[in-house]
Amino acid sequence: MSLALIAALPFLGALTPALTQRFGRGIATATVALFSAAALLLILQHVPAIMAGQTITTQINWLPTLGLNANFRLDGLALLFALLILGIGLLIQIYARFYLDTSEPYARFLTYLMLFQGAMLGIVLSDNILLLLVFWEMTSLSSFLLIGFWSHLPKARQGARMALATTGAGGLAMIAGLLMLGHVAGGYDLSTILGERAAIQASPLYVPALLLILLGAFTKSAQFPFHYWLPHAMAAPTPVSAYLHSATMVKAGLFLLARLWPVLAGTPEWFWIVTSAGLITMSFAAGVALFKDDLKAILAYSTVSHLGLITFLLGLGTKAAATAAVFHILCHATFKAALFMLAGIVDHATHTRDIRALGGLRRAMPISFALASIATLSMAGIPPLNGFLSKEMMLEEAAHTAPWVIPVLATFAALLSVAYALRFLVYTFLGQAPAYAHAPHDPGAGLWLPPAILAALVVAIGLAPMAMAGWLVDAAASATTGEAVHAHIALWHGLQPPALWMSLAAVGGALVVLGLYPALRAAWDGAHKPDAKAMFDAGMGWLTKTATALTQGLHNGSLSRGFAVGLCSFLALGLYAYLSAPTLPGTRALTQISFAPVVAFGLLMTAALAATALHRKRLLALLLTGIVGLILSASFAYLSAPDLALTQITVEVVTIALMLLALNFLPKTTPRKTAGFRKLRDGGLAVAVGTGVAALAYTLMTREAMFPPISAFHLAQSLPGAGGHNAVNTIIVDFRGYDTYGEIIVLGIAALLIFALTESLLGTRWAVQPDHAAGDEGDAHPVMLQTATRLILPMAMLVGVYLFLRGHNEPGGGFVAGLVFAIGLVLQYIASGQDWAAARRRIPYHAMIGAGVLVASATGIGSFLAGRPFLTSNFTHGHLPPLKDFELATAALFDLGVFLCVLGAVMLALDALARLAKPQEGR
Amino acid sequence: MSQLLILPVILPAALAGFIILFARNALAVQRAISGFGTLALLALAITLIQAPTQSYFLGNWPAPFGIALTLDGLSALMLLLTASLALIVLIHSIATGWDAQGRHFHALFLFQLMGLNGAFLTADAFNLFVFFEVLLIASYGLMVHGGGQARIRAGVQYVAFNLLGSTLFLFALATIYSTMGTLNMADLAQKLPLVGADDTGLIRVAAVLLMLVFAIKAALVPLQFWLPGTYANAPGPVAALFAVMTKVGAYALIRFGTLVFPGDLPALGGLLAGLLYPAALATIAVGAIGTLAAGALPRQIAFAAIGSMGTLLLAVSAFTPEAVSATLYYLIHSTLATAALFLIADLARTRRDGLTAALYMAAAIAMAGMPPLSGFVGKLLVLDALRSDPLAWTFILLASLLTMIGLARQGSDLFWKAPNTEAPAQSKAGVLLCLAALVALTLAAGPITGWLGQTAAALDAPEAYIAANRLGVAE
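Dropping the structure here:
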C-alpha cells in the first residue's frame, strides 16, 4: 500500500478517541492501537524489498511550483525508525491505558499521542525535505500539547513553552537551511539531494545551510547548549517521556543527521561541530545525571548523554561510526523506554520519584526489579546486554580518532554512565526499604508487560545481535551511508581491541566514583552551577519586557504622535521624491490680482490665524471657521465656479448648524493639552505641511498637464452627449455619476453612523447635559425667530425645487437642492426645538436615505433594460404648452436620488444630535 | 458587455437601501437580506473569477473620459476573498447576537462590502478614492457598533487618521490629474512611460503620495499607529472583517505598483520598491515585537496582523511575478488567519473550553506560519521568492519565532491557566468555516498557486488589463 496512506494512518487514528471514548478506555486504546498496528504491518510488508536493497517511494504532487510535494520514501533508515515509532508506540498505548488516572481526559491524551505518532512517522517517511519540515514542526507542536497535558501545573505549562520555543526556533532555522540545501541541490527530494554531494559541499551556501540545519537537529535532539528543555519536558506524563522524550522525538535530530549524512558529512566543518557537540553533550549530561535524585531527571540527563553519544558517532563521518550510531539508536530506544516505564511504575507504587526516599524495592516489586536490572545494566553497558555492544562500538570508533582528547572524553562519559546507572538501580531497588505510606507492590501486567517486552529485546539483541538486529542495522546503515554495510556485531572481539580496555577502565572508574560519591556530591552541591531554566526564564523575561517596553513606548495611544509621524513621513518623502528628479518650470502666467480679492484673502488668513489662536474657545473658533468657509465660497464665485460656490455655501451653513448643535453638549472651552516643546513641534510641523501643500498647489496650478486633459471631452460632450448645458452638473450626474453614487452613499452612511452612535450613547454619562451658566441661555425659542423661520421654510423649498430643476443647465442640482431644503428644516429645529419639529415630521429621515439610495440605484439599473451599462443617461425634450420646451433626462431622476439622500442624511444627523442634546431625565 | 461586473457594487448598496427604507426595525428581515446579499456576492465572485479580463464602462462613456471598472484575476480574487470572509463574519455576528448590539449593523455591513468591492473593481484612480471613503465611513460605523467608551475613543483615532489619509489621497490625485490630465489607471499606465526625463519630479511626488495613502490602509510602519487600538477595540466580528481592510491597501499597492508605477518606469527608477522594502522590514519587526509583548488577546492579534502585513509587503516590494504570486497566496492566508483569531478571541472572552482552545491552537499555528496550515506554505512561498535576500529571511523567520512564542504564551495563559466553562457556549460555526477555508487553502495549495502564478504573470505584463479599457476608441 502507498506510503502516504501508512503515514496518514496515525492521523486517522487521532480522530477516533473523540468517538470511541464513550465505550471506555479499553476500546479507545484498542482502536488507536489498531491504526498503529495496521501501519506497522504495512511497513513490515515492505521489509523483504528493503532487505533486497530497494527503496520504496510514493509521489503525490502538492505544491509542485515550490517543490513541496507529498513524496515519501521507505529505506533502511526509515524502516528502523518506523519500527521504533510504531512498535514502541503500541507498547506505550497499552502502558498509558493503565498508567493514566481515570479522571484524566484520556481521549484527548490519545489524540495528542496519535498526532505525534503521525508527525514522527511522517518525518522518517518523507522523501521531500519540505514535507519533512511540515512533520518536524508538527512533532514540536504535539510535544507542546503533551508536555502541557497536566495544564493546571505551572511547570507543565512552562516546560511545554520552553520546549516549543527551543525546538520551534531550531525548526525555523532548519527551514532556512533546508531551503538552501534544496536550492543548491536543485530539488527538495532526498532522491535528488542525496546524489548531489559534490555540488552541495562545493557551494558557498554549504556552511550556512549546514549551520542552520544543525541548529534544527541539535535543538530537537537536545544537544548542548540546547539540552535544557528536555529535563523540563519531564513534566509530561511518564508514557510521553518514555515515548517522545527518549525513544523517538528527540531522535528526530539524529535521524536528520543520519538522513543527510551522505551529503553533509565528511567535511572538517561537519566533523568538528558535530563531534564536539556530541562529545560535550555526552560527558556533560552524564555528569549531571550522576547528581540528580529524581528518577525521571536521571533518565532525562542520561537520554541527553546518549543522544550526544549518537551525535558524536555521526559526526565522525566514517562508515563504521555511522553503523554504530544506527545500532545505538535502536539499543537506546529499547532500554531507555523500558526504564522510563519502570520509573513510572515505581512512581505509582511509592508516590515518589526521589531516589533518596526510595530503596529496597527488590522484595516488594520483584518483577520491576528484574526488568529494571536488565535495562539499567544495558544502559551502563554491561555485557551481555545490547547497550554493551553499541557502547563497545562507540569506544572502538573513539579510540581510532585523533586527537587523544576524544577517546579520553568518550571513556570518561562511559565511566559516568556506569556510575549513574548503578546509582539508579541500587538506590531504588537495593538497600533498606524506608517506611512507605502504602506498601508498594508490582503493578498489573498492563503496566509491566510493555517494559518486559523491551527488556526481552535488550537481552535478545545482546545475546544474538546478528540474528536479532543485524539485518536492520545493515539496512539502516546502508541507507545512512549510501553504501552497502555489513556490520559484524559480536559480544567478544578478543583481547586486542582498545574498546575492551576502555570499558573495563570505565567500570573500574565508576566504582571508584561511587565510592567517593558523598564527597563528590558535597562538592557538586556546593559548586555554583548555571541554572539553564533560570537563564532561559531570564532571557525570555528580558525579551518580553523589552518587547513590552518598545511596543508600549511606541504605541502609547497618542493620536498626535501618529499624526506627527505621518505628516513628517508625507513631507519628507514628498520632498525627497520631488528633489531627487528634475521638474520643468511652469508655463502658465500668473493671474493679475485686484484689490477685492486681496482684502478677502487677507481676511481669510486672519480668520484662520485667529481660529488657531482662539481654538480653545469653541464657539468663537467655530464662527471663525465659518468666516473661512464664507470667503472660500466667495472666492469660488470670484474664480468663475458658481456651482462650487453654491454648494460650498450651503454646506457651510449646514455644517455650522450641526456643529453648533454638537457644541451644545460639549464643554465650552477645550482643555489645554499641549504645552512647551510639543506646541512648538506641532506648530512647526503644521506650518511646514501647510507650506508644502501650498507649494504643491502653486506648482500644479502654474503648469499645463503634459497630456491633453480629459475635461475637454466633458465640455464638448456636455450638451450633445449628456444633454445639459452645465458641464459641472453633467459631470456630477452623468460622466462621473458613479462617483456621485458613491459619495451620496458616504453621506448616507455617515448619517446612519451618527444615528447609531448617538443611540448607543443615550443613557450613558456621555449624554448628560453639560451645565449652562445661569442666565446664559435666554429664551430658548424666541417668537421672532419662530415666525421668521416658518416663512423661510416654504421659500427655502421653492428655491430648492428651482435649483433642482435648473441644475442640468445652470448652477444647481440635487445636491444643493437637498442642502437648501435641509437649511429650511434646520431652522425649524433651531427656532422651535427638536420636540416640536419631530412631532411634525411625517417622513422618517432614515427612509429618505434609503429611498435616495434606491432611486439612484434604480435609475442606474434602468439602463440595463436598454442593454446599456449602469447609469447610462437618456434624455429627450418634452413639449407642454404654455411652458417652454423642457428636457426630460434620466439624469434628473438620479439627481432626485441625490437630493433625497442628502436631505435625509443631513436631517438624520441633525435629529440624532438633537436627541442627544435633549435633557435625559427619565432615561 | 456583461452587467455582472457592476453587481458586486450595486447589489449590496441597493439591499442596504432597502433595509433602511423598509426593514430598519426588523432584525430578522435584516439578517435574511444580509445573508442573501452575502451569498449572492459569493456566487457572483465565483462566477467572475472564471471570467476573462474585461471592463465595464459606467454611463456608457468610453475610458478614460468616464469611469471604467476592470475585472482581472486580482480583482476577482479580492472579490472572492471579501465575499468568503463576509459570509464567515456574518454567520458569526448573527449566531453570537453581535448584530443586535447596536443599530444598523446589517446596512453598514452591506455598505462596507459595497465599498470593498467597488475599490477592487475600479480602474479609475478618483473612483478608488470614492470607494475608499465608502469603506472608511462604513467601517467606522461598524467599528463603533455597540458603543462603549474605549471603542468610541479608538474609533476617533481610526477615523481621524484615515481622514488624514483621504486628504493626502486628494493631493495625490490632484497632482496626477494636473500633470497627466487623466485618472484612468490603464490610461496612466500608457502615458507615464512617455513622460520626458527632464520633468519627472511631480510624477514621483504623486507616486510617493499615493503609496503613502495605501501604506496607511495597509498599516505599514510608520503609518501603523491607528491599527492596534482599532482592531483591539472593534467588536470581534468587525475586527475579523477588518482583516481584509488592510488588504485593500495591499491590493492598491500591488495594482499601482504593477500597472501604473511598475518598477521599470523610467520616471521612478525603483523609487517605490526602495521605500517599501525598509518599511516592510520595520513592519515585520513592530508586528512581531508587539505580538510578543501584547497583553490582551485582541491587541496581540492586531500586532500579529501588522506583522503579517509586513511579510506581505516585503514580498510585494520585490515586484517579481514569483513574489507577487507568493504575496497573493499569503494575502489570502493572512486574511483568513487573522479573521479566525479575532473570532476565536471573541468566543474566548466569555468561555474558554477545550474546543475553543483547540480552535485557538489551529488558528495560532496558521498565524505564526507553523505547519501544517497555510501560514507555513505561504511563508515558504515568500521565502522562496526572496531567496537571494538573507536579511528578509532573517526578519521573516525571527518574526515567526516571536509570534509563535507570544501566541503560545497567550494560549497557555488563557486556556490552560484560566480555563472557563461556566459561561454558555456560543456558536462556533463562523470560526469552523474560517478554519475550513484555511485547510482548503492548504490542501489545494497546488492548483491555487498555479492560478495565482497566472494572475501574477498578468499583473507583470498588464496588456490585457489595458486593452480591456479600450482607450482611444472614442478618439
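Respectively, the protein sequence lines represent chains A and B.
Its first residue numbered 150, the first sequence is counted upward by one per residue in the numbering used here.
Its first residue numbered 257, the second sequence is counted upward by one per residue in the numbering used here.
Glycine included, every Cβ here is placed at the ideal spot set by N, Cα and C.
Within 8 Å of the CB of Glu389 of chain B, the CB atoms of chain A belong to Gly891, Glu892 and Val895, in sequence order along the chain. Per DSSP, Leu223 of chain A is one residue of the beta strand (DSSP E) stretching across Phe221 to Leu223. Bounds of any beta strand (DSSP E) do not take in Thr594 of chain B; it lies within the alpha helix (DSSP H) bounded by Pro577 to Ala604.
With fewer than 16 other CB atoms across the displayed protein chains lying within 10 angstroms of its CB, Pro374 of chain A is exposed. Counting along the chain, Ile205 of chain A sits inside the beta strand (DSSP E) bounded by residues Ile205 to Thr207. By the rule that beta-carbons nearer than 8 Å mark a contact, Leu699 of chain A touches chain B. Remark: C-beta atoms of Ala318 of chain A and Thr368 of chain A approach each other more closely than 8 Å.
The alpha helix (DSSP H) runs lying completely inside the region 227-312 of chain A and spanning 4 residues or more are 255-274 and 278-296, given in chain order.
Closest option to Ala279 of chain B, judged by alpha-carbon separation, among A:Pro993, A:Asp276 and A:Gly308: A:Pro993. Ranking A:Phe433, A:Ala844, A:Ala786 and A:Glu959 by CA distance to the CA of Leu868 of chain A puts A:Glu959 first. A direct Cα-Cα distance of roughly 7 Å separates Leu510 of chain A from Leu579 of chain A.
Taking a 10 Å sphere around the C-beta of His301 of chain A, we find fewer than 16 other C-beta atoms and assign the residue as exposed. In the three-state DSSP reduction, Phe313 of chain B falls in the strand class (E or B).
Not a single C-beta of chain B is nearer than 8 Å to the C-beta of Phe367 of chain A. Between Ala613 of chain B and Phe671 of chain B, the beta carbon gap of about 4 Å places them in contact (Cβ cut-off 8 Å). Its Cα nearest to that of Ala324 of chain B, the residue B:Thr309 stands out among B:Thr591, B:Thr309, B:Val633 and B:Leu336.
Phe433 of chain A carries a helical assignment under DSSP once its states are collapsed to helix, strand and coil. By the 16-neighbour rule on beta-carbons within 10 angstroms, Tyr847 of chain A is exposed. Residue contact with chain A for Pro522 of chain B: absent (no Cβ-Cβ distance below 8 Å to any residue of chain A). When CB distances to chain B are screened at a threshold of 8 Å, the residues of the region 186-211 of chain A falling below it are Asn210 and Trp211, in chain order. When C-alpha distances from Leu708 of chain B are compared across B:Ala604, B:Asn489, B:Ala693 and B:Ala579, the shortest belongs to B:Ala579. Restricting attention to A:Gly982, A:Leu1020, A:Leu249 and A:Gly897, the CA atom closest to the CA of Gly967 of chain A is found in A:Gly897. Between the region 364-373 of chain B and the region 265-278 of chain B there are three or more inter-stretch CB-CB distances shorter than 8 Å, so the stretches are counted as touching. In the structure shown, the three-state DSSP call for Asp454 of chain B is coil.
Taking the C-beta atoms as reference points, Ala624 of chain B is found nearer than 8 Å to Thr659 of chain B. At a cut-off of 8 Å, the C-beta of His957 of chain A has no neighbouring C-beta in chain B. Under the three-state reduction of DSSP output, Thr326 of chain B falls in the strand class.
Rounded to whole angstroms, His362 of chain B and Gly293 of chain B show a C-alpha spacing of 10 Å. For Met565 of chain B, the enclosing alpha helix (DSSP H) has its first and last residue at Leu553 to Ala574.
The C-beta separation of Ala971 of chain A from Val1055 of chain A comes to about 4 Å, placing the pair in contact by the 8 Å criterion.
Residues of the region 694-706 of chain B whose Cβ lies closer than 7 Å to any Cβ of chain A, in chain order: Ala701, Gly702, Thr705 and Gly706. As summarised for the region 361-418 of chain A, there are no continuous beta strand (DSSP E) elements at least 3 residues long confined to that stretch.
Annotated as distal: Ser630 of chain B and Thr677 of chain B, with beta-carbon spacing of 8 Å or more.
Using a Cβ-Cβ cut-off of 8 Å, Trp482 of chain B counts as an interface residue toward chain A, since at least one Cβ of chain A sits closer than that to its own. Counting only the Cα atoms, Leu1059 of chain A lies some 41 Å from Ala865 of chain A. Nearest to Leu190 of chain A by C-alpha distance, out of A:Thr341, A:Ala153, A:Ala529 and A:Leu232, is A:Leu232.
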